[in-house]
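Engineer: Before we start, here is the structure in question, set down as structure tokens.
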């Protein structure tokens with residue numbers, strides 16, 4: 707379900723600067739996770755693969771009873787990425803992962819989103835990393851700003 711990340715994830719990843727990702731694209735959540743209810747967090751970095759969903763498909767899941775949750779996420783980020791677990795193997799909520807959302811595009815790893823919390827058994831809403839590019843650049847290259 708959440709196998710260790712393994713050697714395939716060693717090295718640097720690029721930051722995705724496009725405000726969307728294709729529907730049903732594989733996205734990978736990395737992080738430290740509780741492997742069962744009320745257990746301690748894993749000592750290994752774990753991963754799971756989710757499927758990216760369009761904003762429209764995501765919004766349908768949150769109507770009407772969780773509309774406030776969805777609207778709050780939309781206010782905090784203009785560019786969101788919605789992801790679901792295609793095999794219903796469990797949630798990858800923030801309290802479990804606290805890691806980046808990665809997509810492999812043209813054989814290169816890209817950070818496309820960030821964990822910010824979610825509701826179990828619903829698509830997970832991630833703010834896309836494009837929202838933070840200017841802030842990241844100011845931190846990494848302060849002499850250029």
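In the numbering used here, the protein residues as written are 707 to 851. For glycine and all other residues, C-beta sits at the position ideal for the given N, C-alpha and C.
(1) Give me the Cα-Cα distance between residue 792 and residue 819, rounded to the nearest whole angstrom.
(2) So for residue 835, helix, strand or coil by DSSP?
(3) Just how far apart, CA to CA, sit residue 766 and residue 756?
(4) Cβ of residue 807 within 8 Å of Cβ of residue 733?
(5) I'd like to know whether the C-beta atoms of residue 809 and residue 722 end up nearer to each other than 8 Å.
(6) Can you tell me where the beta strand (DSSP E) holding residue 789 begins and where it ends?
(7) For residue 848, does the count of other Cβ atoms within 10 angstroms reach 16, so buried, or fall short, so exposed?
(8) Which same chain residues, not among the five before or five after residue 719, have their C-beta less than 7 Å away from its C-beta?
(9) How about residue 727 and residue 785: are their beta carbons less than 8 Å apart?
Structural biologist: This is what the structure holds:
(1) 18 Å
(2) helix
(3) 18 Å
(4) yes
(5) yes
(6) 786-790
(7) exposed
(8) 808, 815, 816 and 817
(9) no
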